[in-house]
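Read the structure below first, then the notes.
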Amino acid sequence: MSATRKEGVYSRRFAASDAASSVASPNDSPADSRFHNPAALRRASLMQEPVLVLNATYEPINVTAVRRAMVLLLKGVAQAEEMHNAEVHSAASAHKVPSVIRLLAYRHIPQQSRALSRKNILLRDRNTCQFCGRIFPSSELTLDHVVPRSRGGRSSWENLVACCYRCNNSKGDRTPEEAGFKLARRPRPFTLHTSRQLMRMIGHRDERWRKYLFY
Ligand SMILES: [Zn+2]
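And the structure:
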């Protein structure tokens, strides 16, 4: 069995689990209103909203979800710097929803802080096939070993790229040079710099992030 085949199976399994986690629309079936509490659904999606995480020095270091950010606030590990115009209500109380939080103690961030994973490689490559340059949904991308494993290529940040199935199949067990392919750009580890670029892209959605990201 070739290396590329195995990865195809891996990513199809991923796609199935992605689909399973999607949230049903409140308008799906009026007859089943018991199971479609619009307020609960709104709350669930609000809890997934991105929150910018700043180091104690106000340096942006991460993006997390509202749910995780609120845990950090409740634990007293972070404080809220900017708030959404929304609240989440629990049985006993209402909590303002943070948009930007700041850690109270300085955290040292190692250069390569992200795990080598399929998700992070696709994120680094912006869901763009590194051979044909087209953008695909995650379910239609696989990972390609630039130097094939059969030729001693390692599973590393520098040797794994996002790749569409078509390019992956036509490249086969060859190097890009042998297959006549050219990499869109040299693959690099997912550094804090890359994370910052991504935070900037996400930050365009939220005005409250701008003063921390564009300086
Ligand atoms: Zn492609």
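Be aware that the sequence shown starts at 0, since it is given in numbering that gives the first Met the number 0, and climbs by one per residue.
The beta-carbon is built from N, C-alpha and C at its ideal position, and this holds for glycine as well.
Since the model is a prediction, treat every value here as computed from it, not as a measurement.
Opposing strand residues paired with residue i [DSSP bridges]
i      : result
Arg50  : Correcting the residue identity first, residue 50 is Val in this sequence and not Arg. In DSSP, Val50 forms a bridge with Thr63.
Cys162 : Thr141
Lys95  : Glu86
Leu191 : In DSSP, Leu191 forms no bridge with anything.
Glu81  : Val99
Thr127 : Ile134
Reference residue i, options the options, closest by Cα
i      : options                        : result
Asn54  : Arg41, Leu71, Lys181           : Leu71
Pro147 : Thr174, Cys131, Tyr211, Cys163 : Thr174
Arg123 : Ala90, Glu157, Val96, Phe180   : Glu157
Ser194 : Ile120, Leu40, Ile60, Ser155   : Ile60
Val145 : Asn126, Arg187, Asp205         : Arg187
His192 : Arg204, Arg207, Leu212, His203 : Leu212
Gln196 : Asp172, Arg125, Tyr105         : Arg125
Ala68  : Pro97, Ser44, Asn36, Ser92     : Pro97
Leu142 : Arg150, Ile108, His107, Ser154 : Ser154
Cys162 : Arg106, Ala38, His203, Pro136  : Pro136
Arg207 : Ala38, Glu80, Arg42            : Glu80
Arg101 : Pro37, Leu73, Ala114           : Leu73
Cys166 : Leu159, Arg150, Leu140, Gly151 : Leu140
His94  : Ala114, Arg42, Leu159, Arg117  : Arg42
Ala90  : Ala39, Leu115, Tyr164          : Ala39
Ser149 : Asp172, Tyr105, Asn168         : Asp172
Residues of its chain near residue i, where Cβ-Cβ distance is below 7 angstroms and the 5 sequence neighbours each way are ignored
i      : result
Leu103 : Ala55, Val76, Ala77, Gln78
Met198 : Leu51, Pro59, Val62, Leu212
Cβ shell of residue i (< 6 angstroms), same chain only, five flanking positions each side left out
i      : result
Tyr57  : none
Ala178 : Lys170
Ala30  : Residue confidence for Ala30 is low, a pLDDT of 44 falling below 50, so the modelled location carries little weight and cannot support an answer.
Ile134 : Asn126, Thr127
Leu159 : Ile120, Leu142
Contacts around residue i, its chain only, beta-carbon distance under 8 angstroms, and the 5 residues preceding and following it disregarded
i      : result
Arg66  : Met46, Gln47
Asp205 : Pro49, Leu51, Ser98
Arg209 : Gly202
What is the chain-ordered set of residues for which the beta carbon lies under 5 angstroms from any non-hydrogen atom of ligand 1? The answer, residue by residue, is Cys128, Phe130, Cys131, Cys163, Cys166.
If you pair each beta-carbon of the region 78 to 88 with each one of the region 37 to 48, do three or more pairs fall below 8 angstroms? Yes, the region 78 to 88 is in contact with the region 37 to 48.
Are there three or more Cβ pairs, one per stretch, closer than 8 angstroms when the region 123 to 134 is compared with the region 180 to 190? With the cut-off at 8 angstroms, the region 123 to 134 and the region 180 to 190 touch.
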